[in-house]
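A.B. asks: Residue numbering for the sequence shown follows my numbering, beginning at 1 and increasing consecutively.
Idealized CB from N, CA, C, for every residue including glycine.
If you're wondering where the values come from, they're calculated on a predicted model, not measured in any experiment.
Before we start, here is the structure in question, set down as structure tokens.
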Amino acid sequence: MYGTCAKKQLVDERHAGHKPKSPDFVQSTGMPLTYATVFESLLDRLGIQKVERATVVFLSSPKAAAWAVSIASQVTRHSPKLPVAITTASRKEASDVSKKMGVTHAINHRHDIVKQIEDLSLS
1 MYGTCAKKQL
11 VDERHAGHKP
21 KSPDFVQSTG
31 MPLTYATVFE
41 SLLDRLGIQK
51 VERATVVFLS
61 SPKAAAWAVS
71 IASQVTRHSP
81 KLPVAITTAS
91 RKEASDVSKK
101 MGVTHAINHR
111 HDIVKQIEDL
121 SLS
């Protein structure tokens with residue numbers, strides 16, 4: 001299903017879905033792999049369970065990782081339903097988008113990250 005150079009491919013219907021409206025066809029092709037990576041990282045590798053009161057911090061990086069951070073924030077808030085998900089954003093627009101995607105807090109990575117997290121008084 002992932003990473004093929006074939007002109008056509010056969011995909012199990014359980015893995016197929018409608019293309020989102022905003023990304024184009026090329027961008028959309030990477031979404032299944034991104035979702036699979038996020039699920040594996042958060043739920044399988046980190047072992048985050050639905051019953052945990054865990055906080056996850058996503059450090060945003062250049063545009064290449066923006067999809068992963070966006071998807072990770074959605075997965076974190078909706079799959080294991082964690083109470084807190086934090087991401088970094090230096091611009092208000094990015095912060096607003098992050099919150100729209102389900103992040104509870106957006107902090108500025110150009111400032112002291114530790115202090116900003118401490119200031120949230122999460123415990």
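Locate the beta strand (DSSP E) running through Ala106, then write down its first and last residues.
C.D. replies: Start at 1 with the first residue of the sequence shown, and residue 106 comes out as number 106. Where Ala106 is concerned, the enclosing beta strand (DSSP E) stretches over His105 to Ile107.
A.B. asks: Alpha carbon to alpha carbon, how far is Val97 from Thr104? Give it in angstroms, no decimals.
C.D. replies: On the sequence shown, position 104 is the one that residue 104 refers to. On the sequence shown, position 97 is the one that residue 97 refers to. One C-alpha to the other measures close to 11 Å.
A.B. asks: Between Lys19, Val84 and Ala6, which has its C-alpha nearest Met101's C-alpha?
C.D. replies: Here residue 101 is taken as the residue at index 101 of the sequence shown, counted from 1. For Met101, the nearest C-alpha among the options comes from Val84.
A.B. asks: Where do the N-terminal and C-terminal ends of the beta strand (DSSP E) with Ile117 fall, by residue?
C.D. replies: In the sequence shown, the residue the question calls residue 117 occupies position 117. Here Ile117 belongs to no beta strand (DSSP E); instead the alpha helix (DSSP H) covers Ile113 to Asp119.
A.B. asks: Secondary structure at Val38, three-state DSSP: helix, strand or coil?
C.D. replies: Residue mapping note: residue 38 aligns to position 38 of the sequence shown, counting from 1. Three-state DSSP puts Val38 in a helix.
A.B. asks: Please return the same chain residues whose Cβ sits closer than 7 Å to the Cβ of Lys99, not counting the five positions on each side in sequence.
C.D. replies: The count along the sequence shown starts at 1 and reaches residue 99 at position 99. Result list for Lys99: Ala106, in chain order.
A.B. asks: Determine the burial state of Ala89: buried for a count of at least 16 other Cβ atoms within 10 Å of its Cβ, exposed for fewer.
C.D. replies: By one-based count along the sequence shown, residue 89 stands at place 89. Buried, because 16 or more other Cβ atoms sit within 10 Å of the Cβ of Ala89.
A.B. asks: If we ignore side chains and look at the alpha-carbon of each, how far apart do Lys21 and Ser28 end up?
C.D. replies: For the purposes of this step, residue 21 is taken as the residue at position 21 of the sequence shown. For the purposes of this step, residue 28 is taken as the residue at position 28 of the sequence shown. Spanning the two alpha carbons is a distance of roughly 9 Å.
A.B. asks: Who are the Cβ neighbours of Lys81 in its own chain at under 8 Å, not counting the five residues just before and after it?
C.D. replies: Start at 1 with the first residue of the sequence shown, and residue 81 comes out as number 81. The answer, listed in chain order, is Lys50.
A.B. asks: Short check: CB of Ile71 to CB of Val26, under 8 Å?
C.D. replies: As a position in the sequence shown, residue 71 is number 71, starting the count at 1. As a position in the sequence shown, residue 26 is number 26, starting the count at 1. Contact flag unset, no.
A.B. asks: Provide the residue span of the alpha helix (DSSP H) that contains Val26, from first to last.
C.D. replies: Reading the sequence shown from its first residue, position 26 is the one you call residue 26. Per DSSP, Val26 belongs to the alpha helix (DSSP H) from Phe25 to Thr29.
A.B. asks: Indicate the three-state DSSP secondary structure (helix, strand or coil) for Ile48 in the structure shown.
C.D. replies: Residue numbering aside, residue 48 sits at position 48 when the sequence shown is read from its first letter. DSSP places Ile48 in coil when its eight states are reduced to three.
A.B. asks: Please say whether Leu46 and Val75 have beta carbons closer to each other than 8 Å?
C.D. replies: Taking the sequence shown and counting its residues from 1, one reaches residue 75 at position 75. Taking the sequence shown and counting its residues from 1, one reaches residue 46 at position 46. Cβ distance not < 8 Å, so Val75 and Leu46 don't count as in contact.
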